[in-house]
Amino acid sequence: MEGIKASAAAAKVQADDSMVIGGSILPHYASGQEGKLRACAVVLEGEEKLCLVSCDVGTRSSAPACRMRSYRRWIKL
């Protein structure tokens with residue numbers, strides 16, 4: 001049995017006002033960013049590869065998957 005590799009990373013996402021907001025007949029645009037946007041990913045690689053990605057809005061930065069912000073490490077089990 002070979003080892004399993006694991007990696008995790010997180011990034012802040014900066015929004016801009018150029019994206020059209022859906023849900024209306026006419027296009028509407030956002031104005032400013034209200035909350036912090038964050039994307040987190042965990043990748044597991046063995047015989048198969050699995051990538052879990054979460055995107056959230058919030059100010060709480062203690063989510064377990066995001067504690068390793070901008071940190072990548074391959075772990076051989």
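Counting along the sequence shown from 1, when you hit position 36 you're at 36 in the working numbering, and nothing is skipped either side.
Virtual Cβ for every residue (Gly too), placed ideally from N, Cα, C.
By DSSP, does residue 37 sit in helix, in strand, or in coil?
Position 37 of the sequence shown holds residue 37. Strand.
Roughly how many whole angstroms lie between the Cα atoms of residue 28 and residue 5?
Residue mapping note: residue 28 aligns to position 28 of the sequence shown, counting from 1. Residue mapping note: residue 5 aligns to position 5 of the sequence shown, counting from 1. The straight-line gap from Cα to Cα measures roughly 44 Å.
For residue 52 and residue 43, what's the separation of their Cα atoms in angstroms?
As a position in the sequence shown, residue 52 is number 52, starting the count at 1. As a position in the sequence shown, residue 43 is number 43, starting the count at 1. Rounded to whole angstroms, residue 52 to residue 43 spans 6 Å at the Cα level.
Out of 26, 10 and 36, which one is the CA nearest neighbour of residue 16?
For the purposes of this step, residue 16 is taken as residue 16 along the sequence shown, with counting starting at 1. Selected option, being the one with the closest Cα: 36.
Compare the Cα-Cα distances from residue 11 to each of 23, 38 and 50 and report the closest residue.
Here residue 11 is taken as the residue at index 11 of the sequence shown, counted from 1. Ranking 23, 38 and 50 by Cα distance to residue 11 puts 38 first.
Assign residue 8 to buried or exposed, taking buried as 16 or more other Cβ atoms, counted over all protein chains shown, within 10 Å of its Cβ.
Taking the first residue of the sequence shown as position 1, residue 8 is located at position 8. Buried, by the Cβ-count rule.
Within a Cβ cutoff of 7 Å, which residues of the same chain sit near residue 21, ignoring the five residues on either side of it in sequence?
Position 21 of the sequence shown, counted from the first residue, corresponds to residue 21. Contacts found: 28, 29 and 30.
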